[in-house]
Amino acid sequence: MDLFFKYLQYEKRYSPHTLTSYHTDLGQFAQYLQKVYEITDAAEADHAIIRSWILSLVQRNLEPRSINRKIACLRTYYRFLLGQQRIKANPMLRIKAPKASKKLPGFVPEEPFNNFLDSFTFEDTFEGQRDRLILEFLYGTGMRLAELINIEHANIDLHAKTVRVLGKGNKERIVPINDSLYTCLEDYLAYKKAAVSDNNSEKLLVTTKARPLYPKFVYRVVKKYISLVTTSEHNSPHVLRHSFATHLLNNGADLNAIKDLLGHASLAATQVYTHNSIEKLKSIFEKAHPKA
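For the record, in the sequence shown the residue sitting at position 252 is 252 according to full-length UniProt numbering, with numbers rising by one throughout.
Structure below.
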């Protein structure tokens, strides 16, 4: 398994989040094999044993999406074992994943959220300006949480008004910086220079002790401010990414352009946002079509 995770990290360049999830999934599978079948090597498990583990997950009422992620982990693992000639046949070929209901991505309402960003008075401190920048960055660029906390000063080009984002699989993309975000950046950098003792930190977003921000920190910030705008349970950093895409689409942006801005590998991943925009399309239809 150690060799497998080195393969994922250095050759496949999986994200730290995926690596952590796969560590958990494989660990749970290994515990199941040992406890139920007294098997200490996953290479010895056949499709019937693997299916019994999946069934046990279903019986525990685990979400289909979580089960499918665990199945995806095992598919990757057994393909690796086959490539390493540790097994003669891939037992995952006979495993079918349960169907998961497609949940439409949640998003914040466009007008109230924009009014909030324009009118809310953030604290006139380093912390207050950092909170503001977090919201503006997530909503203004549509980047992922992991991409946000890994932004370095070298990735920002204030002259060209762009930010270089390192996405999944170490794929780089260039995202434009809007005027509002540009102003936030300038304000934040001034406060950071005055408030943070170690200004040699490469990371753009840091704590007052110059340590890089971590996911839970950003979650708390986003949840705090989104709750002032909406009572919806959708208040994670990823919701601002969904909002970015949905609002762009509602205002006539090209789907391919949104795909490139989000860093999606295929258009299929971006098309989910067209479902969120159907109400907008209905509204336009009712106003414009003579038979509506």
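Quick reminder that beta carbons are idealized off the backbone N, C-alpha and C, glycines included.
Out of the options, state which residue places its alpha-carbon closest to the alpha-carbon of residue i.
i	options	result
D124	Y188, Q59, P112, A72	Y188
D46	T24, S283, R75, V222	R75
K224	L185, I134, N250	I134
S243	E111, R94, I149, Q59	E111
I50	V175, G128, S283, V36	V36
V272	D2, D41, L255	L255
T40	K6, G27, A288	G27
Y22	N115, N250, F5	F5
D118	G263, D179, S227	D179
G140	A265, L248, F29, H264	L248
N115	A253, V229, N251	V229
Under the assumption that residue i contacts residue j (Cβ atoms under 8 Å), give the Cβ distance between them as a whole number of angstroms.
i	j	result
I87	Y78	7 Å
L205	I156	11 Å between Cβ atoms; not a contact.
L158	L138	About 19 Å separates the two Cβ atoms, so there is no contact after all.
Quick one, are the C-beta atoms of residue i and residue j less than 7 Å apart?
i	j	result
L145	P237	yes
K259	T274	no
G142	V239	no
R69	G169	no
residue 349	S201	Here the chain covers residues 1 to 292 and nothing more, so residue 349 does not appear.
I177	K161	yes
E152	G167	no
L181	E136	yes
L57	I67	yes
R65	A100	yes
DSSP has residue i in a bridge; who is on the other side?
i	result
L166	E172
I156	V163
K203	E152
P212	V206
In its own chain, which residues sit with a C-beta less than 8 Å from the C-beta of residue i, not counting the 5 before and 5 after it?
i	result
F285	A292
I71	I54, M92, I95, A97
I174	T162, V163, R164, V165
Can you give me the Cβ contacts of residue i inside the same chain, cut-off strictly under 6 Å, excluding the 5 residues immediately before and after it?
i	result
V221	D131, I134
Please report whether the beta-carbon of residue i lies at a distance below 7 Å from any beta-carbon of chain B.
i	result
D25	Although the question refers to chain B, the structure presented lacks it and comprises just one protein chain.
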